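Each residue of the sequence shown is one higher than the one before, starting from 8 at the first, in the working numbering.
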Amino acid sequence: MNLFKNIFSTFSVLSLVVFLTLPVQAKVEGDTIILGAAVSLTGKYTTNGEHTQNGYNMAVQRINDMGGVTVGGKSYKFDIIYYDDESDSGRAAQLAERLIKQDGVQYMLGPYSSGLTKAMAPVTEENQIPMVEANGASRSLFTKGYKYLFAVLSAANQYLEVAIDLAVEKNGGNPVKIAMAFEQDAFSQDVRIGVVEAAERTGSTIIIDDKLPKELNDMAATLAKVKATKPDVLVVSGHSKGALTAIRQISEMKVDVPMLAMTHCDASKLAKQHGKNSEYALCAAQWHKTLSYSD
C-alpha cells in the first residue's frame, strides 16, 4: 500500500473532523492544533513506522505551508506530539492513554499496523477522541461499532482477492490451484480470508495453506512445496520483511510460479532491494503514480 497517499487522505478526513468538533474539543496552543501519534520507531515495524511519521510530517508541512485549516473564520496550523510505541500493542495502548490524559490531545493519528490500531482504538473510543488512521486495514476494526475511528484505506480482505479473479481470467475462466503463506497477525489473516472467499467464489482449490514463521526470515519449506505441486498462483502476506524474504528465496530456489501476489511491495522498496527478481509480482496498493487523482 502507498503510505504517503493514504496519509494525505488521513489529513483530509482529519481536517473535516476538526472542522466539526474544534469549538468544544481541540487542544490549541496559539493558532496551532496539537495532534497525537504513537508510531513504531523501534521494534518489528520500525521501517513502516518511520514511513508513517515521515508521511504525517510531510502532510503537516504541506497543510501549514498552504495556510492551515480554517475553522469558524480563523486559520489554524497543525503540530504533532509523537511517542514510540516500540511495535508493541500494550505500549501503544498506554501511549494513547498518555496522549489523552497527560498531554491533553483531542485528535489522534493512527499507528502502523492493524494490531496496534486495535490496541489503541478502545482507548480513543472510551475517551471519545477521534482517531484517523491509514494503516489499520483489518476488517474486524470496522465491525465493532466504533464511532470515533475513521479510516482512509480499504479493508485487508479486499487486498488480494482480485489476484484470484485475475488468475482465473488468465486461465480461461477456469478454476485455479492456489498456494498461500501468511503471517499470523490480524492484517495478514484478514488478507487470507479474502483469498479464501475468492477461491470459494471461483471454484478454485487451495493446495497449500501455510503459516509464515514469526521471524519472517525463511519460507523455504513453503517454496519447496510450491515447486513440487505447481500451483497457478502463490499468495504471500508478511508485511515488508515477508515480502523481501519471499522474493529473495523464490530467486535463490528458482521457483517458477505463473503468478505471485503479495502485500507491502511499496513499503519494502521491493524493486529497489531486489531489482529484476521482483518484476511481475502482483502487489496490493491504495494508489499508484500512473493514476490521475490529485490532492
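Built from N, CA and C at the ideal position, the CB exists for glycine as well.
All values derive from a computational prediction rather than experimental measurement.
Exercise. So what's A158 in DSSP terms, helix, strand or just coil?
Worked result: strand
Exercise. Taking the alpha helix (DSSP H) that Y2 falls in, what are its first and last residues?
Worked result: Past the edges of the chain, shown from 8 to 302, lies residue 2, and the structure says nothing about it.
For this session: Following the continuous beta strand (DSSP E) through G289, name the residue where it begins and the one where it ends.
Result: Correcting the residue identity first, residue 289 is Leu in this sequence and not Gly. Residues 288-290.
Exercise. According to DSSP, is L223 helix, strand or coil?
Worked result: coil
Exercise. Thinking C-alpha only, which one of L298, H246, V112 is nearest L277?
Worked result: H246
Problem set entry | Nearest-angstrom Cβ-Cβ length linking Y155 and P137, presumed shorter than 8 Å | 5 Å
Exercise. Which value, in whole angstroms, describes the spacing of the CA atoms of V78 and D38?
Worked result: 11 Å
For this session: Check each candidate in K234, A174, G56, I107 and name the one with the smallest Cα separation from S121.
Result: G56
For this session: Could you name each continuous beta strand (DSSP E) segment of 3 residues or more that falls completely within the stretch 126-181, going from the start of the chain to the end?
Result: 138-140, 156-158
Exercise. Mapping DSSP to helix, strand and coil, what is A188?
Worked result: A188: strand per DSSP, three-state reduction.
Problem set entry | G43 in three-state terms, based on DSSP | strand
For this session: Could you tell me if Y287 is buried or exposed, where buried requires 16 or more neighbouring beta carbons within 10 angstroms of its beta carbon?
Result: exposed
For this session: Determine the direct distance from the alpha carbon of L116 to that of E104, and round the result to whole angstroms.
Result: 13 Å
Problem set entry | Assumed close pair L48, D91 - CB separation to whole angstroms, cut-off 8 Å | Under the criterion of beta carbons closer than 8 Å, L48 and D91 qualify as touching, at roughly 4 Å.
Exercise. Nearest CA to the CA of S275: which residue from M260, E259, A250?
Worked result: A250
For this session: Note down, in chain order, each residue of its chain lying with its Cβ closer than 8 Å to the Cβ of D197, except the 5 sequence neighbours on either side.
Result: S121, A144, S145, R146, S147, A162, A163, N164
For this session: Can you grab the Cα-Cα spacing for the pair I1 / E133, in whole Å?
Result: The requested residue 1 is not part of the displayed model; the chain covers only 8 to 302.
For this session: Take K237 as the anchor and find which of F189, T209, I215 has the nearest alpha-carbon.
Result: I215
For this session: Buried or exposed for L298, please, with buried defined as at least 16 other CB atoms from any protein chain shown within 10 angstroms of its CB.
Result: exposed
Exercise. In the structure shown, what three-state DSSP assignment does V31 receive?
Worked result: For V31, the predicted model reports a pLDDT of 47, less than 50, meaning its position is unreliable; a value from the coordinates is still stated below. The three-state secondary structure of V31, taken from DSSP, is helix.
Problem set entry | Extent of the continuous beta strand (DSSP E) to which L102 belongs | Counting along the chain, L102 sits inside no beta strand (DSSP E); it lies in the alpha helix (DSSP H) bounded by residues 96-108.
Exercise. Mind checking whether I167 and T270 have CB atoms under 8 Å apart?
Worked result: According to the sequence as given, residue 167 is Leu; it is not Ile. Taking 8 Å as the Cβ cut-off, L167 and T270 qualify as a contacting pair.
Problem set entry | Under the three-state DSSP convention, the category K296 falls into | It is coil, neither helix nor strand.
For this session: Would you kindly report the start and end of the unbroken alpha helix (DSSP H) that includes T252?
Result: 246-259
Problem set entry | CB contact flag (L230, T252, <8 Å) | T252 is positioned such that its CB atom lies no closer than 8 Å to that of L230.
Exercise. Leaving out five residues before and five after S96 in sequence, what residues of the same chain have Cβ atoms less than 8 Å from its Cβ?
Worked result: G122, L123, K125, A126
For this session: Quick one: grab the DSSP three-state call for F11.
Result: With a pLDDT of 48 at F11, under the threshold of 50, the predicted position of this residue should be treated as unreliable, though the coordinate-derived value follows. Three-state DSSP puts F11 in a helix.
Problem set entry | Assigned exposure category for D239 - 16 Cβ within 10 Å defines buried | buried
Exercise. Hey, V202 and V233: beta-carbon distance below 8 Å or not?
Worked result: Taking the C-beta atoms as reference points, V233 is found no nearer than 8 Å to V202.
For this session: With distances taken Cα to Cα, identify the nearest neighbour of W189 among K221, N142, K51.
Result: Strictly speaking, residue 189 in this sequence is Phe, with Trp absent from that position. The shortest Cα separation from F189 among K221, N142, K51 belongs to K221.
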